[in-house]
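Once you know that position 6 of the sequence shown is 6 in this note's numbering, the rest is easy, because the numbers rise by one and skip nothing. Below is one structure, written out as structure tokens; comments come after it.
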Amino acid sequence: MNLSFFQKPSRYINSEVNSIHKKAPVTVALAFPDIYEIGMSHLGLKILYKIINDLPYACAERVFSPWVDIEAEMKTKGIPLSSLESNRPLKEFDIVGFSLQYELSYTTVLNMLHIGGIPLKAEERNNLSQYPIIIAGGPCTVNPLPMAAFIDAFLIGDGEDAIEDILNTYYRWKIEGDSKKETLLSAFSKIEGMYVPSIHNPPNSLLVKGGEGGFVIKRRFIESLDNAPYPVNPVVPYTSIVHDRINIEVSRGCSMGCRFCLAGMAYRPVRERTPEEVMKLAEDSLKNTGYEEVAFTSLSAGDYSCLLQVVKEFNKKFSRNKIAISLPSLRVASINREILREIRSVRKTGFTIAPEAGTERLRRVINKDFKEEDFEQALKILFEEGWHHLKLYFMIGLPSETGEDIEAIPMMAMKALRIAKKYTRRFVNISIGISPFVPKPHTPFQWYGQNSPDELKKKKGYVRDVLTKKGFKLKGHDVDMSMLEAAFSRGDERISLLIEKAWSMGCRLDGWTEVFNFDTWKKAMDLTGIEIKEFANKTFERSDVLPWDKIDIGITKEFLWKEYSRALSGEITTDCRRVCHNCGLGCKKVVSSQQSVVSSQNLKNQGLYTLEYQINKSFKPVRIRVEFFKTGRMRYLSHLELVTVLHRAIRRADVPLVYSEGFHPSPKISFGPPLSVGIEGYSEYFDMEIMPPFDLIQNKMKLNSTLPEGICIKDMSVIPAETKSLNSFITRYEYEVKTEDIAGVKTFLSEKEINIQRGKDIINLKDMVEEASFINKNTVKLVVVDKGDVKVRVAELFPVVFNTPVEKLEIMRVAIFGWDNGWVRPLKEHKVEDTAGWIARY
């Protein structure tokens with residue numbers, strides 16, 4: 001399949017740095033029901049990928065949902081959904097594990113099963129010699145009933161040690177030669193944290209609608225993050241993904257008790273990584289990936305007990321390489337001037353604050369404990385420390401919300417702008433995110449029905465109108481999407497009928513506004529008789545049996561009801577690490593704050609992370625010109641993706657780059673004329689500035705050892721500092737083009753003039769073709785030249801020359817030249833006689 005026809009072909013080309021290709025008796029497809037950029041940003045997938053591939057008897061491969069363009073081609077040509085690593089069809093794996101992170105991915109699960117050649121319903125997959133076993137994990141599994149018809153088994157809770165239990169069980173079942181699915185599922189049902197619908201909730205059982213019965217599935221969780229496996233050599237994507245950086249999970253769980261937050265309840269208790277472990281993970285990950293940014297992540301990163309010490313030590317070790325630090329959304333009370341100064345010391349990354357509610361009264365309802373003066377002080381610190389880009393997130397439709405609460409949202413945004421203007425003279429960009437509240441199971445607000453769509457649209461419209469008039473950028477989550485999310489969060493097994501019907505009518509990738517079609521969902525509701533408002537807007541009573549009651553996340557229903565009552569009374573529940581509120585876990589912190597602080601204080605004593613890099617001031621930067629090729633599947637990289645791949649390879653090779661000055665330092669690397677997607681390049685160039693000493697031969701070998709197949713450094717040479725940049729003198733290009741029909745070329749050459757319009761200019765394409773000759777019956781050598789400021793555009797010129805869409809041509813740029821009293825190749829222009837050995841200075 002020629003990927004040039006499709007959006008972002010680098011999603012599909014495989015062979016990324018650190019991807020694992022192995023064979024083993026047990027094959028697992030880690031299936032993420034969204035596109036590559038979303039799935040590759042998910043830390044859980046990376047953790048499982050490492051754990052499974054570390055087992056000698058198992059291998060894991062990645063499978064993502066295709067985007068709609070390539071999906072249509074797959075269906076037309078009968079190409080099944082397959083893994084990236086080995087191109088193995090989904091149906092040929094032993095186990096397919098889906099990660100359910102978001103309720104609107106449910107139709108995508110069905111779509112991936114279908115285009116993978118697997119029946120949707122669990123009851124239709126009894127022959128395990130023909131179909132894999134389907135397992136699901138992730139936060140959505142705390143209410144598994146809406147997807148129970150399609151999934152064989154659910155894992156509730158943390159997967160780090162559970163995945164080994166699952167795979168060991170499967171491996172024993174397989175080598176014992178028992179082909180019965182019932183035997184395997186029975187064994188799965190005995191694993192802590194596993195919910196098996198056919199056993200725990202069989203068809204026609206009285207348990208179907210959450211009725212009284214004899215089973216309770218307890219959430220599984222690991223006690224120590226330091227002892228948990230962590231991927232320090234994650235797969236490095238070619239294309240830009242949502243979270244395109246190293247993610248170090250400094251803690252798991254949150255003790256702040258926000259009453260709307262499922263993660264804050266379902267990931268308790270708080271478990272922290274020690275600073276030594278955080279630093280070791282960061283160091284190893286940077287070495288193995290070449291990333292330029294590290295995010296210290298957590299549900300509440302600002303509450304990590306030794307964040308400041310870790311950030312300081314990180315900068316001491318890595319600031320010389322311009323590695324930036326980023327933090328996720330912070331609580332207002334955790335914004336600290338000293339931390340901000342450490343973050344900005346290398347590069348200011350984005351900053352997000354989530355007030356969630358516009359008034360102090362409503363913030364007390366949701367247990368967001370900060371006052372207006374706290375908000376003002378946090379913004380003052382932020383803008384004084386030089387931040388000019390800020391995101392604020394709010395929710396609408398929260399319990400007990402009034403018109404005054406809605407009106408206060410624009411007021412908070414405008415207050416932020418006034419504070420920004422007071423403390424900085426630079427332009428400030430404040431963007432606002434508005435999301436409808438979605439009641440989630442296992443939270444204090446699980447009993448509260450979502451506002452009606454009309455109410456939510458009215459509230460959202462008011463906030464949008466006020467803020468856009470004031471010049472704010474507003475990003476609002478779709479109300480209809482939120483209603484579906486609420487229905488799937490709070491629904492029972494009846495919802496599965498609606499999900500299947502909507503999928504059969506074309507719904508998938510429903511989290512994407514470009515694809516989402518609520519009219520189709522409404523038609524599916526009409527056909528099934530299932531109205532999602534019944535699930536989304538329903539207010540439960542305390543005595544009601546809830547569909548998810550059979551899942552025990554460790555927090556009692558009594559505690560959640562108590563918190564719901566306190567919410568409606570506007571009472572704050574304090575940080576449970578300070579005062580235990582008897583939620584039911586009966587937990588003690590696995591890593592105490594005191595232990596973490598002591599550990600961080602010991603960093604210096606151990607001498608592990610206090611190295612200072614001293615540059616020899618007598619050396620001056622040296623310019624290196626590098627020749628390389630880009631061939632094979634690497635031709636599908638865009639120019640920007642190619643630049644990123646080379647930047648990260650240079651970092652992995654530990655090349656001593658020189659960086660620009662200022663708030664956003666970047667390596668001094670400049671590239672020659674870019675190649676279009678789908679075009680190979682045999683003789684491409686870039687220049688880089690480095691600090692000597694620098695061995696050309698050794699560094700060429702180091703770079704090639706870390707580059708993916710299809711990209712290779714051919715030569716490196718020192719050039720004088722005053723040498724012209726590549727783009728300033730390269731004007732001639734030689735291509736070899738394979739085409740099925742060369743008649744178009746002959747027709748083009750017979751013309752005296754072929755004019756097209758580019759903007760306001762008329763361009764004669766014939767003038768750009770200097771030479772055309774036939775290498776064989778279907779390969780043409782074409783030499784083209786720029787005409788002054790008018791540059792050659794392959795996508796514009798070649799379809800006219802060959803009378804064929806450019807995507808159908810096999811194109812390689814074999815050479816590029818510059819003019820200096822005759823055509824010269826860039827690398828040869830300033831070739832030094834001896835490029836071997838150590839370069840001390842130029």
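Cβ coordinates follow ideal geometry from the N, Cα and C atoms, glycine included.
Among the options, whose alpha-carbon lies nearest the alpha-carbon of residue i?
i, options, result
"Pro-132", "His-114, Val-142 and His-388", "His-114"
"Leu-128", "Ser-482, Thr-731, Phe-93 and Met-112", "Phe-93"
"Leu-497", "Met-701, Ala-524, His-442 and Leu-382", "Ala-524"
"Ile-816", "Phe-628, His-639 and Val-806", "Phe-628"
"Arg-62", "Leu-45, Ile-51, Ala-72 and Phe-150", "Leu-45"
"Lys-522", "Glu-531, Leu-30 and Phe-188", "Glu-531"
"Val-655", "Ile-679, Tyr-682 and Thr-706", "Thr-706"
"Glu-810", "Pro-720, Val-718, Tyr-636 and Asn-755", "Tyr-636"
"Met-716", "Ile-624, Ser-99 and Ile-35", "Ile-624"
"Ser-431", "Lys-422, Tyr-423 and Ala-416", "Ala-416"
Compute the Euclidean distance between the alpha carbons of residue i and residue j, then round it to the nearest angstrom.
i, j, result
"Gln-101", "Thr-141", "9 Å"
"Pro-9", "Tyr-57", "32 Å"
"Ala-333", "Thr-359", "16 Å"
"Leu-104", "Ser-329", "23 Å"
"Asp-405", "Ile-551", "34 Å"
"Leu-560", "Gly-554", "11 Å"
"Glu-541", "Tyr-448", "9 Å"
"Val-790", "Asn-727", "13 Å"
"Pro-80", "Leu-90", "8 Å"
"Cys-258", "Asp-687", "51 Å"
"Val-109", "Ala-228", "28 Å"
"Gln-614", "Arg-320", "For Gln-614, the pLDDT reaches just 42, beneath the cut-off of 50, and the residue's location in the model is therefore unreliable, although a value from the coordinates is still provided. If you take the alpha carbons of Gln-614 and Arg-320, they lie about 9 Å apart."
"Arg-252", "Cys-576", "14 Å"
"Val-28", "Cys-587", "34 Å"
"Arg-813", "Arg-425", "48 Å"
"Pro-119", "Ile-246", "37 Å"
"Ala-282", "Val-270", "21 Å"
"Val-208", "Asp-492", "Caution is warranted here: a pLDDT of 41 is assigned to Val-208, below 50, making its placement in the model unreliable, and no coordinate value can be reported."
"Ser-666", "Val-216", "54 Å"
"Ile-763", "Glu-734", "20 Å"
"Ser-569", "Val-365", "7 Å"
"Lys-322", "Ile-343", "11 Å"
"Asp-369", "Ser-435", "20 Å"
"Leu-484", "Lys-557", "25 Å"
"Leu-382", "Phe-318", "23 Å"
"Phe-188", "Ala-153", "8 Å"
"Gln-606", "Val-310", "Low per-residue confidence applies at Gln-606: pLDDT is 45, beneath 50, and the placement is therefore not dependable, though the value from the model is reported in the following sentence. If you take the alpha carbons of Gln-606 and Val-310, they lie about 14 Å apart."
Going by DSSP, name the residue or residues bridged to residue i.
i, result
"Ser-717", "Arg-625"
"Ser-15", "Ser-15 is not bridged to any residue."
"Asn-847", "A query on residue 847 cannot be resolved here, the shown segment of the chain reaching from 1 to 842 and no further."
"Phe-32", "Phe-64"
"His-42", "DSSP, once it has assigned bridges, lists no residue as partnering His-42."
"Thr-352", "Lys-391"
"Ile-89", "It is Pro, not Ile, that sits at residue 89 in the sequence shown. Answer is Ser-82, bridged to Pro-89."
"Met-688", "Ile-624 and Ile-669"
"Gln-757", "Ile-762"
"Thr-27", "Cys-59"
"Asn-776", "Thr-779"
Should residue i and residue j be called a contact, given that it needs their Cβ atoms to be closer than 8 Å?
i, j, result
"Phe-427", "Ile-409", "no"
"Thr-297", "Glu-372", "no"
"Leu-262", "Thr-539", "no"
"Asn-803", "Thr-723", "no"
"Tyr-195", "Met-147", "no"
"Ala-795", "Ser-676", "yes"
"Val-626", "Pro-692", "no"
"Val-785", "Arg-732", "yes"
"Phe-437", "Gly-397", "yes"
"Phe-32", "Phe-64", "yes"
"Arg-633", "Ser-15", "yes"
"Pro-439", "Ala-487", "no"
"Phe-671", "Trp-819", "no"
Below 8 Å on the Cβ atoms is my guess for residue i versus residue j; work out the distance and round it to an integer in Å.
i, j, result
"Glu-751", "Thr-239", "39 Å between Cβ atoms; not a contact."
"Asn-143", "Pro-799", "Between Pro-799 and Asn-143 the Cβ distance is about 53 Å, and since that is not below 8 Å, they are no contact."
"Cys-254", "Ser-198", "Not a contact, Cβ separation roughly 34 Å."
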